[in-house]
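The sequence shown runs 446 to 577 under the working numbering. For each residue, glycine too, the CB sits at the ideal point set by N, CA and C. What follows is a single structure, written as structure tokens, with notes after it.
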Amino acid sequence: MPAFDALGKRRPINAVAVAKMLRAMLTENLGYKELGEVSGLNRKTIERWLTPMRAEKLVCIGEWGEDPRGIRIIPLFKFAPDEPNVRRPKPLTGAQRAKRVRDKYRTDKLYEAITGVSYVTANKARKQTAHA
446 MPAFDALGKR RPINAVAVAK MLRAMLTENL GYKELGEVSG LNRKTIERWL
496 TPMRAEKLVC IGEWGEDPRG IRIIPLFKFA PDEPNVRRPK PLTGAQRAKR
546 VRDKYRTDKL YEAITGVSYV TANKARKQTA HA
């Protein structure tokens with residue numbers, strides 16, 4: 446399976462790239478992006494390597510990371526032979542999501558009061574242009 450380096454040149458996947466991934470997964474839980482940075486491989490190649498490792502129970506999901514929206518859907522892998530995968534957390538309820546939005550709004554207001562700098566989000570900008 447060839448991989449591509451930073452210059453776009455094809456290079457063979459060797460044991461060093463896989464060893465770098467495994468060594469990194471020994472110390473912490475890593476997602477596809479972090480494993481790619483460590484090994485120099487792209488996501489698809491990492492998936493091809495992790496799939497048989499997970500089938501043989503060498504690698505498991507150690508925890509679930511948050512995406513940019515704050516939803517825990519990104520699997521973070523660790524090297525832990527014969528350990529079970531961590532279950533994916535249940536999605537937030539409507540009340541929990543509303544509380545998260547209210548807390549963010551309070552934090553923005555506090556930041557604005559302390560620094561005097563207004564933090565403008567896309568929603569605030571839309572509301573201001575709609576009323577103008």
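Do the region 543-553 and the region 476-494 touch if we need at least three Cβ pairs shorter than 8 Å?
A contact between stretches requires three or more CB pairs, one per stretch, nearer than 8 Å, and the region 543-553 fails this requirement with the region 476-494.
Tell me the DSSP secondary structure of residue 488 in three-state form.
As a working note, residue 488 is residue 43 in the sequence shown. Of the three classes helix, strand and coil, the one that applies to residue 488 here is helix, per DSSP.
Here's the rule I'm using: 16 or more other beta-carbon atoms within 10 Å means buried, otherwise exposed. How should residue 426 be labelled?
Any answer about residue 426 is impossible in this case: the structure gives the chain only from 446 up to 577.
Given a cut-off of 8 Å, decide if residue 467 and residue 522 are closer than it, judged by their beta-carbon atoms.
Looking up residue 522 in the sequence shown gives position 77. Looking up residue 467 in the sequence shown gives position 22. Against a cut-off of 8 Å, the Cβ pair of residue 467 and residue 522 comes out as no contact.
Pull the bridge partners of residue 504 from the DSSP assignment, please.
Within the sequence shown, numbered from 1, the residue matching residue 504 stands at position 59. DSSP lists 524 as partners of residue 504.
Flag this pair as yes or no: are the beta carbons of residue 502 and residue 526 separated by less than 8 Å?
By 1-based counting over the sequence shown, the position of residue 502 is 57. By 1-based counting over the sequence shown, the position of residue 526 is 81. Yes; because the gap between Cβ atoms is below 8 Å, this pair is in contact.
Which residues in the same chain as residue 528 place their Cβ atom closer than 7 Å to its Cβ, once the five residues preceding and following it in sequence are excluded?
The count along the sequence shown starts at 1 and reaches residue 528 at position 83. The beta carbon of residue 528 is closer than 7 Å to those of 505 in its chain, skipping five residues each way along the sequence.
Do residue 499 and residue 510 have their C-beta atoms closer together than 8 Å?
For the purposes of this step, residue 499 is taken as the residue at position 54 of the sequence shown. For the purposes of this step, residue 510 is taken as the residue at position 65 of the sequence shown. The Cβ-Cβ distance between residue 499 and residue 510 does not fall below 8 Å.
So residue 462 and residue 485 are supposed to be a Cβ contact under 8 Å. How far apart are they, rounded?
Within the sequence shown, numbered from 1, the residue matching residue 462 stands at position 17. Within the sequence shown, numbered from 1, the residue matching residue 485 stands at position 40. Correct: roughly 6 Å between the Cβ atoms.
Output yes or no for whether 8 Å exceeds the beta carbon distance between residue 513 and residue 476.
The residue given as residue 513 occupies position 68 in the sequence shown. The residue given as residue 476 occupies position 31 in the sequence shown. Taking 8 Å as the Cβ cut-off, residue 513 and residue 476 do not qualify as a contacting pair.
C-beta contact flag for residue 507 and residue 531 at 8 Å
On the sequence shown, position 62 is the one that residue 507 refers to. On the sequence shown, position 86 is the one that residue 531 refers to. A contact, by the Cβ cut-off of 8 Å.
Please report how far the alpha carbon of residue 550 lies from the alpha carbon of residue 536, in whole angstroms.
Counted from its first residue, the sequence shown places residue 550 at position 105. Counted from its first residue, the sequence shown places residue 536 at position 91. For residue 550 and residue 536, the distance between alpha carbons rounds to 21 Å.
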